[in-house]
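Sequence lines, in order, name chains A and B. Quick note: the first sequence uses this note's numbering, first residue 11, plus one each step. Quick note: the second sequence uses this note's numbering, first residue 11, plus one each step. Note that the Cβ used here is the ideal one computed from N, Cα and C, for glycine as well. Bear in mind the structure is a predicted one, so any value in this text is a computation, not a measurement. Okay, so here's the structure we're looking at.
Protein chains: 2
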Amino acid sequence: MGNKREARRTDLQNRLIAAAEAQIAETGLAGVKAREVTARAGCALGALYTAFDDVDMLVLHVNSRTLTRLGEALKTARATCDGTPEEVLQALAAEYVRFARDNRRLWSALFEHRLPEGVEPPTWHKRDHAVLIEEIIAPLGALRPDLSSKMLLMRARTTFAAVHGVVQLSLQGRFVGVPQDSLAAEVTALVDAMVRGAHLARPGA
Amino acid sequence: MGNKREARRTDLQNRLIAAAEAQIAETGLAGVKAREVTARAGCALGALYTAFDDVDMLVLHVNSRTLTRLGEALKTARATCDGTPEEVLQALAAEYVRFARDNRRLWSALFEHRLPEGVEPPTWHKRDHAVLIEEIIAPLGALRPDLSSKMLLMRARTTFAAVHGVVQLSLQGRFVGVPQDSLAAEVTALVDAMVRGAHLARPGA
DNA sequence: AAAATTATTGAACGGTGTTCACGACTCGGG
DNA sequence: CCCGAGTCGTGAACACCGTTCAATAATTTT
């Protein structure tokens, strides 16, 4: 059995990821301490550094898991709602709000976490971020058939970022954020306005 | 002279704020260390805690200064551009992009900084955040005279948050953010869409 | 001028991420 | 089946962090 060692290694990695995930879910990103995580995972302090380069990389793995779950939620949201492009975009935005609300700390960690300046995240992790805009492209393309695929991708990023901004400032409880009670309604209004604006921008509409 | 002491105290506070501001501008929020800031301000380590409760409060003072500067920039942007509500909103958004770009780390610190969970920022600092939406209310109200002042305030927050989200993800260099080269154009397109959408939502327009 | 009060100092404390020599363990060849 | 080469897990130790506090210096009051 040449894979006994590798099995133990991936098992340790998974235990550490699960421990860090639980830690984030309970106490937020700032609550992720090497000593607490390793204690929860049932290993020694130094073991963390045999499984991952550093704590940042461990957090990146948790974030990738969260992104995967979020991607699945958005995918089923779009699959469930087969209506007009407007309805699909509203369903996606509503699902984003729901996911962020129900997984507040894990979702928050996606954008709170910062690598040291100048350090790029590994490719596998960057790829996982694509789920945030993948589902937007098709319905947005239906609304704006005049856009090139390059421009469409750009506008999808902008659309996501706009909705994300409203959700983030609200769930962070910032002074300028909308109250959480009004979040869903405000996101609906924003998507509505953006969709109507897109309609008008379409030549001949 | 009973104010000699008070003068020295506020001088120390100002030196510390200036030092922390320079530190953020040069190395980002994460680069603000008590020892470096006090060394730069020319005082002992412990002096920081005679001037402020802790480092968080010092950062809050820096952020309030940044918010004041940002508020003035937005105010002159609106004063300079006396056009249609659409043009005013575009000018405000463009100025926000410009300020964020030109003061990237200080602007970033406004939203990167987090107080420990459950700790509310002091009232004076919360009030300073109002500049982010103050200038938006008037032009938005002109576009949507049907909205109550309560709803108008809410929609102003949403409008700001949408623009802010696009700027933040872009300047952070996130994978899903728009490239910085396209930021200004995408923000213009977003504001354009939101304004057109607001027009359509107006009864009888 | 001396006493009382206040401000400033920097060593020390507890907690952090990360490292590394050491001992335990796994694995392939006899 | 066993044993040496190589790998992995361990936790004490290190450097650095924010924060505190007894001691010292400075200022104000008497």
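Taking 7 Å as the cut-off, is the beta-carbon of residue i closer than that to any non-hydrogen atom of the ligand HEM?
i               : result
Leu80 (chain A) : Here there are no bound small molecules, and the ligand HEM is not part of this structure.
Tell me, please, whether the CB atom of residue i is closer than 8 Å to any CB atom in chain B?
i                : result
Leu142 (chain A) : yes
Arg154 (chain A) : no
Phe109 (chain A) : no
Ala103 (chain A) : no
Lys136 (chain A) : yes
Gly151 (chain A) : no
Gly38 (chain A)  : yes
Val65 (chain A)  : no
Glu16 (chain A)  : no
For a contact meaning CB atoms closer than 9 Å, what does residue i contact in chain B?
i                : result
Gln178 (chain A) : Phe121, Ala171, His174, Gly175 and Gln178
His139 (chain A) : Arg184, Phe185 and Val186
When the Cα atoms are used, what is the spatial distance from residue i to residue j?
i                : j                : result
His9 (chain B)   : His123 (chain B) : No answer is possible for residue 9 (chain B): it lies beyond the span of chain B, which begins at 11 and ends at 215.
Arg184 (chain A) : Lys14 (chain A)  : 49 Å
Asn113 (chain B) : Ala195 (chain A) : 33 Å
Leu77 (chain B)  : Thr168 (chain A) : 25 Å
Arg45 (chain A)  : Leu153 (chain A) : 51 Å
Ile27 (chain B)  : Pro132 (chain B) : 17 Å
Ala203 (chain A) : Met204 (chain B) : 5 Å
Arg108 (chain A) : Val188 (chain A) : 16 Å
Gly207 (chain B) : Gly207 (chain A) : 5 Å
Asp191 (chain B) : Asp63 (chain A)  : 33 Å
Val72 (chain B)  : Gly52 (chain A)  : 42 Å
Val141 (chain A) : Ala32 (chain A)  : 23 Å
His135 (chain A) : Val42 (chain A)  : 19 Å
Met67 (chain A)  : Thr37 (chain B)  : 22 Å
Pro149 (chain B) : Ala29 (chain B)  : 38 Å
Ala89 (chain B)  : Asp156 (chain A) : 36 Å
Met161 (chain B) : Ala49 (chain B)  : 48 Å
Arg25 (chain B)  : Cys91 (chain B)  : 36 Å
Leu125 (chain A) : Val65 (chain A)  : 10 Å
Ala104 (chain A) : Ala54 (chain B)  : 52 Å
Ile143 (chain A) : Val186 (chain A) : 25 Å
For residue i, which residues in chain A fall below 7 Å Cβ to Cβ?
i                : result
Met164 (chain B) : Val188, Ser192 and Glu196
Find the residues of chain A that neighbour residue i, judging by a C-beta separation of less than 8 Å, and give them in chain order.
i                : result
Asp202 (chain B) : Gly207 and Ala211
Any Cβ of chain A within less than 8 Å of the Cβ of residue i?
i                : result
Thr168 (chain B) : yes
Lys85 (chain B)  : no
Phe62 (chain B)  : no
Glu82 (chain B)  : no
Glu97 (chain B)  : no
Ala199 (chain B) : yes
Applying a beta-carbon distance threshold of less than 7 Å, which residues of chain B neighbour residue i?
i                : result
Ala51 (chain A)  : Ordered by position in chain B, no residue passes the 7 Å Cβ test against Ala51 (chain A), which lies about 23 Å from the chain.
Glu145 (chain A) : Those within 7 Å of Glu145 (chain A) in chain B number zero; the least Cβ separation is about 12 Å.
List, in order along the chain, the chain B residues whose C-beta lies closer than 8 Å to that of residue i?
i               : result
Glu46 (chain A) : Neighbours of Glu46 (chain A) on chain B: none; closest Cβ ~16 Å, over 8 Å.
Ala32 (chain A) : Chain B residues near Ala32 (chain A): none, gap ~16 Å exceeds 8 Å.
Closer than 8 Å is the cut-off here; do at least three beta carbon pairs connect the segment 53-60 of chain B with the segment 115-129 of chain B? No contact exists between the segment 53-60 of chain B and the segment 115-129 of chain B.
Pair every Cβ in the segment 15-30 of chain A with every Cβ in the segment 86-104 of chain A, then say whether three or more of these pairs are closer than 8 Å. With contact defined as three or more Cβ pairs closer than 8 Å, the segment 15-30 of chain A and the segment 86-104 of chain A are not in contact.
Would you say the segment 80-87 of chain A touches the segment 165-181 of chain A, given that touching needs at least three Cβ pairs under 8 Å? Output reads no: the segment 165-181 of chain A does not touch the segment 80-87 of chain A.
Scan the segment 113-172 of chain B and note each continuous alpha helix (DSSP H) run of 4 residues or more that stays entirely inside, going in chain order. As far as the segment 113-172 of chain B is concerned, its whole alpha helix (DSSP H) runs of at least 4 residues are 114-122, 133-138 and 141-153.
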